[in-house]
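Chemist: What the sequence shown shows, in our numbering, is residues 2 to 97, in sequence order. The C-beta atom is built at its ideal place from N, Cα and C for all residues, glycine as well. Note that this is a predicted model, so its numbers are computed, not measured.
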Amino acid sequence: MTAREVMDIDEAREKYARGLAISLTDRQIDDQLLNRLRQSLEPHRSGTIPVHLYYQRADARARLRFGATWRVSPSDRLLNDLRGLIGSEQVELEFD
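Below is the structure:
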């Protein structure tokens with residue numbers, strides 16, 4: 002076996018991920034959570050990965066795309082911070 006390219010996990014995520022998916026329900030969302038979500042994302046805003054917020058309530062669902070200035074670098078630190086904030090099942094990277 003011959004390697005064509007070697008990269009660490011953060012580089013691989015940056016290259017192959019197509020989005021960072023955050024899933025929230027109407028029961029979870031309040032001003033405090035949104036503020037903490039912003040604080041978790043802000044230090045990682047220099048990246049190339051778009052953030053998608055999947056919002057669900059009893060009668061509706063929506064996918065909200067954050068603006069280009071909110072593209073992030075999907076590091077372990079960011080993923081762990083978000084999973085600690087809202088739960089591991091509600092944060093995932095999207096790939097093709």
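#1: Based on the DSSP output, what are the partners of G20 in its beta bridges?
#2: Below 8 Å between beta carbons: does that hold for L65 and L54?
#3: Please state whether DSSP places T26 in a helix, a strand or coil.
#4: Return helix, strand or coil for R14, following the three-state DSSP convention.
#5: Measuring alpha carbon to alpha carbon, tell me which residue in N36, D77, S89 is nearest A13.
Modeler: In this structure, then:
#1: What you label residue 20 is simply residue 19 of the sequence shown in a count that begins at 1. For G20, which the question treats as bridged, DSSP gives the partners E95.
#2: On the sequence shown, residue 65 is found 64 positions in, with the first residue counted as 1. On the sequence shown, residue 54 is found 53 positions in, with the first residue counted as 1. In terms of Cβ geometry, L65 and L54 form a close pair [threshold 8 Å].
#3: Position 25 of the sequence shown, counted from the first residue, corresponds to residue 26. Here T26 sits in strand by DSSP.
#4: As a working note, residue 14 is residue 13 in the sequence shown. Shown here, R14 sits in a helix according to DSSP, grouped into three states.
#5: The residue given as residue 13 occupies position 12 in the sequence shown. Taking each of N36, D77, S89 in turn and checking the Cα distance to A13, the smallest one comes out for D77.
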